[in-house]
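No gaps in the numbering here: position 148 of the sequence shown is 173 in the numbering used here, and each next residue is one more. See below for the structure under consideration.
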Amino acid sequence: MADVNVDFIGVGAQKSGTTWLFDMLSEHPEVSFGEVKELNFFSKRKFFLSKDTGNYEKGLDWYRSKIDYDDSKVNGEISVDYMLDEGCADRIKRHCPDDVKLFAVLRDPVERAHSHYHYSNQVFDIGDDFEDCVFTYDEYLERSRYYEKLKPYFDAFEKDQIHIMFFDDLKDDPEGVLHGLESFLGVSQFTPETVDEASNKTRYPRFQAVNKAFTVFYSVKDTGFGRWLWDQAWFQAVKDEVFPRIKNWNLAEADRDPVSPEVEQRVRRAVQDDVDRLEGLLGVDLSAWKP
26 MADVNVDFIG VGAQKSGTTW LFDMLSEHPE VSFGEVKELN FFSKRKFFLS KDTGNYEKGL
86 DWYRSKIDYD DSKVNGEISV DYMLDEGCAD RIKRHCPDDV KLFAVLRDPV ERAHSHYHYS
146 NQVFDIGDDF EDCVFTYDEY LERSRYYEKL KPYFDAFEKD QIHIMFFDDL KDDPEGVLHG
206 LESFLGVSQF TPETVDEASN KTRYPRFQAV NKAFTVFYSV KDTGFGRWLW DQAWFQAVKD
266 EVFPRIKNWN LAEADRDPVS PEVEQRVRRA VQDDVDRLEG LLGVDLSAWK P
């Protein structure tokens, strides 16, 4: 018997449309999600700009408490860090039902890394330009090496338990991609009114000082004072109601600087071996992702 009742898990990739999928499936009357997107239970890997190391050490009871299980629906979660920590596949295999379904959406490796870079600047203000950042911090390229991250899942699970989608298809035919995923999950076709709207678009701080203040503030969460503060009901109200409004006010949409052809080719060469292997694993033509 499985340790946890979960029917499906979305494993990634980061900055590739998983928030849109979460938003769409959350409206489906036959689907039930965990308490939030990104439960990150099966991951032990530390994100390089954060102290978070996943929630596996919190134990199975913690995970069960976060899954809003409804036996009349299909139940699941989406956590993009499950395509960062190679140990996630084995942990999911160990604790979930034998027939659990897994899905991932993949994006052009350069576009994904570029979006990731801008997201990091939105949240952490890393300051480097794209080329410096992507070749200084390993995680940007690592998250774009999809073969390396998906192979453990294909080793641990049957191929028909894994559904792969592509970001370009999601942009061109969002309703078709959604219906394909619904079919894979075994639920009826359902099209939310917001199917053509983007989710989780990266925005940029109007004032970096405000952004940095939040980063510093949240860094005290695991200190004695931070744990005391986070336990206060009045602070929870401020954190949940006031802080999001300030953050939202401080973020604005802006055009991204394009990736230069030289940098684009450098990134493509860096992931080319992985792309070649991914073609063989998935049986698809990914020549557009190559130098």
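Every residue, glycine too, gets a C-beta built ideally from N, C-alpha and C. Being a predicted model, the structure only gives us computed values, none of them experimental.
Less than 8 Å separating the beta-carbons of residue 99 and residue 32?
As a position in the sequence shown, residue 99 is number 74, starting the count at 1. As a position in the sequence shown, residue 32 is number 7, starting the count at 1. Yes, the pair counts as a contact, with Cβ atoms nearer than the cut-off.
Note down the Cα distance separating residue 225 from residue 66, rounded to an integer number of angstroms.
One-based indexing of the sequence shown puts residue 225 at position 200. One-based indexing of the sequence shown puts residue 66 at position 41. Model confidence at residue 225 stands at a pLDDT of 49, short of 50, so the residue's coordinates are unreliable and nothing is read from them.
Reduced DSSP secondary structure (H/G/I, E/B, other) of residue 129
In the sequence shown, counting from the first residue as 1, residue 129 sits at position 104. Judged by DSSP in its simplified three-state form, residue 129 adopts strand.
Would you identify the three-state DSSP class for residue 271, choosing helix, strand or coil?
The count along the sequence shown starts at 1 and reaches residue 271 at position 246. The three-state secondary structure of residue 271, taken from DSSP, is helix.
So residue 82 and residue 92 are in contact, right, with Cβ under 8 Å, and what is the actual spacing, rounded?
Residue 82 sits at position 57 when you count from the first residue of the sequence shown. Residue 92 sits at position 67 when you count from the first residue of the sequence shown. So it is not a contact: roughly 18 Å between Cβ atoms.
Residue nearest to residue 89 in terms of C-alpha spacing, selected from 69, 58, 309
Within the sequence shown, numbered from 1, the residue matching residue 89 stands at position 64. The candidate whose alpha carbon is nearest that of residue 89 is 58.
Mind checking who residue 188 pairs with in its DSSP beta bridge?
Along the sequence shown, one-based indexing puts residue 188 at 163. According to DSSP, which records beta bridges pairwise, residue 188 is partnered with 128.
Go through the segment 36 to 113 residue by residue and report every complete run of the beta strand (DSSP E) that reaches 3 residues or more, in order.
Runs found: 56 to 58, 99 to 103.
State buried or exposed for residue 39, treating a residue as buried only when at least 16 other CB atoms are found within 10 Å of its CB.
What you label residue 39 is simply residue 14 of the sequence shown in a count that begins at 1. The residue is buried, with at least 16 neighbouring Cβ atoms inside 10 Å.
I'd like the span of the alpha helix (DSSP H) that includes residue 161, first residue to last.
Sequence index remark: in the sequence shown, residue 161 carries index 136 (1-based). For residue 161, the uninterrupted alpha helix (DSSP H) segment begins and ends at 155 to 161.
The segment 284 to 295 in contact with the segment 132 to 140 per 3-pair CB rule at 8 Å
The segment 284 to 295 makes contact with the segment 132 to 140; the number of CB pairs closer than 8 Å reaches 3 or more.
So if DSSP puts residue 34 in a beta bridge, which residue, or which two residues, is it bridged to?
Your numbering for residue 34 matches position 9 in the sequence shown. Answer is 102, 127, bridged to residue 34.
Distance CB(residue 41)-CB(residue 130) smaller than 8 Å:
Here the question's residue 41 lines up with position 16 in the sequence shown. Here the question's residue 130 lines up with position 105 in the sequence shown. In this structure, residue 130 lies closer than 8 Å to residue 41 by Cβ.
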